[in-house]
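To keep things clear, I will list the structure first and then write my remarks on it.
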Amino acid sequence: MCRHLGYLGPAVPLSGALVDAPHSLVHQAYAPRDMRGGGTVNVDGYGVGWYPAPGAAPLRYRRAGQVWADANLLALSRVTVSGAFLAAVRSATVGMPVVDTACAPFTDGRWLFSHNGRVIGWPDAVAPLASRLPVTDLLTLDAPTDAALLWAVVRRRLAEGADPTSALETVVSEVEEAAPGSRLNLMLTDGTVLVATTWWHALWVRSGAGAVTVSSEPLDDDPAWKEVPDRHVVTARVSEVDVRPMGMG
Numbered sequence: 001m002c003r004h005l006g007y008l009g010p011a012v013p014l015s016g017a018l019v020d021a022p023h024s025l026v027h028q029a030y031a032p033r034d035m036r037g038g039g040t041v042n043v044d045g046y047g048v049g050w051y052p053a054p055g056a057a058p059l060r061y062r063r064a065g066q067v068w069a070d071a072n073l074l075a076l077s078r079v080t081v082s083g084a085f086l087a088a089v090r091s092a093t094v095g096m097p098v099v100d101t102a103c104a105p106f107t108d109g110r111w112l113f114s115h116n117g118r119v120i121g122w123p124d125a126v127a128p129l130a131s132r133l134p135v136t137d138l139l140t141l142d143a144p145t146d147a148a149l150l151w152a153v154v155r156r157r158l159a160e161g162a163d164p165t166s167a168l169e170t171v172v173s174e175v176e177e178a179a180p181g182s183r184l185n186l187m188l189t190d191g192t193v194l195v196a197t198t199w200w201h202a203l204w205v206r207s208g209a210g211a212v213t214v215s216s217e218p219l220d221d222d223p224a225w226k227e228v229p230d231r232h233v234v235t236a237r238v239s240e241v242d243v244r245p246m247g248m249g
């Protein structure tokens with residue numbers, strides 16, 4: 001599977017969550033504590049997207065391979081400061097390519113997106129869902145993977161006018177109907193709102209002092225971390241965090 005996290009709040013160095021925390025994202029790559037549904041490490045790629053200023057389009061860095069071996073990312077994270085970012089480390093599903101473009105976060109315009117999980121019966125199970133997308137959306141997929149297709153479907157729902165929470169709930173509903181048993185922890189942000197789903201995978205939230213972090217696993221032993229129940233959706237802003245059962249679109 002994968003591990004992912006998102007942050008909204010005062011501008012901070014990316015290194016805090018990615019590298020320096022006791023159970024940072026880099027630590028979760030080689031020593032995850034709650035990998036459900038298969039996989040033991042997350043060594044097939046990584047990425048981070050961040051907003052250089054409020055209202056600006058996000059920048060992104062992603063690579064295939066082991067995150068802890070990338071000295072460039074470690075250095076970049078220490079000098080890059082942002083008030084909103086999304087990052088992930090990847091454990092590729094068997095048969096899917098291990099390339100830079102298969103790594104989250106996926107992006108379009110102001111959006112960043114990540115998927116922790118897998119689609120059962122890929123690709124046949126979701127071929128009918130994919131067939132409803134415009135051909136250009138399919139031709140411009142970042143990679144032939146379940147996560148990239150999920151992003152294409154989410155992006156289409158957003159373009160049709162869905163708010164981010166409804167977009168994720170709708171896509172989880174559509175994929176669960178087409179491919180029952182899929183693991184669908186999705187995360188989406190535009191730098192102002194951060195939305196995440198739990199569907200068969202772990203997710204935790206910490207909020208306070210005008211900041212919120214949503215992560216597959218707690219970054220440290222702070223008792224402020226709260227586990228999100230399964231089949232729930234988190235809609236977070238710096239001023240408030242809403243956690244509720246998924247309405248399934």
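Positions 1 to 249 (full-length UniProt numbering) are the ones given, in order, by the sequence shown. By construction, the Cβ of each residue, glycine as well, lies at the ideal position given by its N, Cα and C atoms.
Measure the CB-CB distance between residue i and residue j and report whether it falls below 7 Å.
i	j	result
residue 114	residue 35	no
residue 184	residue 199	yes
residue 179	residue 247	no
residue 170	residue 233	no
residue 82	residue 51	yes
residue 168	residue 87	no
residue 118	residue 103	no
residue 216	residue 3	yes
residue 201	residue 116	yes
residue 16	residue 189	no
residue 100	residue 152	no
residue 40	residue 96	no
Output the distance between the C-alpha atoms of residue i and residue j, rounded to the nearest integer angstrom.
i	j	result
residue 98	residue 92	7 Å
residue 22	residue 129	41 Å
residue 29	residue 20	14 Å
residue 70	residue 161	39 Å
residue 77	residue 42	19 Å
residue 241	residue 210	11 Å
residue 75	residue 131	42 Å
residue 191	residue 245	23 Å
residue 139	residue 221	44 Å
residue 66	residue 158	32 Å
residue 68	residue 14	15 Å
residue 123	residue 175	12 Å
residue 111	residue 53	14 Å
residue 31	residue 125	32 Å
Which residues in the same chain as residue i place their Cβ atom closer than 6 Å to its Cβ, once the five residues preceding and following it in sequence are excluded?
i	result
residue 8	84, 194, 212 and 238
residue 148	141 and 142
residue 226	205
residue 172	184, 197 and 199
Closer than 6 Å: is that where the CB of residue i sits relative to any heavy atom of the ligand PLP?
i	result
residue 107	Looking for the ligand PLP in the displayed structure turns up nothing, as the structure carries no ligands at all.
On the criterion of 16 or more Cβ atoms from any shown chain inside 10 Å, does residue i qualify as buried, or is it exposed?
i	result
residue 80	buried
residue 55	exposed
residue 18	buried
residue 154	buried
residue 250	Residue coverage of the chain in this structure runs from 1 to 249, which leaves residue 250 outside it and unanswerable.
residue 177	exposed
residue 163	exposed
residue 94	exposed
residue 218	buried
residue 10	exposed
residue 135	exposed
Which same chain residues end up closer than 7 Å to residue i when comparing Cβ atoms and leaving out the 5 residues on each side of it in sequence?
i	result
residue 156	133 and 137
residue 231	198, 199, 245 and 246
residue 228	198, 203, 204, 205, 234 and 243
residue 44	64, 90, 91, 92 and 98
Can you list, in chain order, the residues of its chain with a C-beta nearer than 8 Å to that of residue i? Leave out the 5 residues immediately preceding and following it.
i	result
residue 207	213, 224, 236 and 241
Q) Taking one C-beta from the stretch 100-115 and one from the stretch 47-64 each time, how about it: are there three or more such pairs within less than 8 Å? A) Result yes; three or more Cβ-Cβ pairs closer than 8 Å.
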